[in-house]
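Presented below is the structure to which this report refers.
Residue numbers (the working numbering): 528 to 721.
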């Protein structure tokens, strides 16, 4: 009788282990999307509306940036995004506006201190001279040559239109160099379409 009881107990134990194992494997089912969502890195995003940022050097205002929307994204590299236009007024040492910049989009990488601008980028100085390009960088650490691009540019002065590829310019847009001039058109000032 002891042998029968021992066999019966072992049989019950094996059946219980088998049933528990089946339930365990059946209950551990995840689809791939759920697993990826579980381990996905959470990106922090802060949002601000109607933003005004003042850039100063030595206590003097050098630029004021305005944008209807600013997003600060904390990812592997923290950056600030201006997805709905931005406008910047640049000031001289006397506190007067010396040039203006507009773009439909901007991205500022905090670690590099460079603003990437794209879509209808335009700079206008006090003389009414205009720079138009699709993409440009504004690097505040490059004193005297803060603006640069390798994309096509168009510069309109009071008497001519200059097209080219690539350019560097000062923030006040008084100094500029076009890497490769592709065309120049002289236009009398009274007939010039601004």
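Beta carbons: idealized from backbone N, C-alpha and C, even for Gly. Since the structure is predicted, the reported quantities are computational estimates derived from the model, not experimental observations.
For residue i, the three-state DSSP class (helix, strand or coil)
i	result
residue 534	Residue confidence for residue 534 is low, a pLDDT of 48 falling below 50, so the modelled location carries little weight and cannot support an answer.
residue 622	coil
residue 654	coil
residue 638	coil
residue 691	strand
residue 800	Here the chain covers residues 528 to 721 and nothing more, so residue 800 does not appear.
residue 613	strand
residue 631	coil
residue 678	strand
residue 669	coil
Span of the beta strand (DSSP E), counted from its first residue to its last, around residue i
i	result
residue 710	703 to 713
residue 609	606 to 609
residue 596	587 to 601
residue 666	657 to 666
residue 584	571 to 584
Residue of the options minimising C-alpha distance to residue i
i	options	result
residue 614	571, 692, 642 and 572	642
residue 728	644, 590, 714 and 622	The structure shown does not extend to residue 728, since the chain is modelled only from 528 through 721, so no value can be given for it.
residue 640	669, 624, 618 and 708	669
residue 656	623, 586, 583 and 703	703
residue 611	622, 596, 647 and 600	596
residue 601	577, 586 and 573	573
residue 594	622, 634, 673 and 579	579
residue 647	680, 712, 637 and 626	680
residue 632	711, 662, 571 and 687	662
residue 625	659, 586 and 697	697
residue 571	603, 587 and 664	603
residue 706	695, 682 and 673	695
residue 659	588, 621, 671 and 683	683
residue 588	673, 617, 577 and 688	617
residue 673	689, 688 and 701	701
Beta-carbon separation (whole angstroms), residue i vs residue j, contact threshold 8 Å
i	j	result
residue 608	residue 592	The pair is not a contact, with the Cβ atoms about 13 Å apart (cut-off 8 Å).
residue 709	residue 691	5 Å
residue 590	residue 582	4 Å
residue 650	residue 685	Not a contact, Cβ separation roughly 16 Å.
Proximity test, Cβ basis, 7 Å: residue i and chain C
i	result
residue 694	Of the chains in the structure shown, none is chain C; there is only one protein chain.
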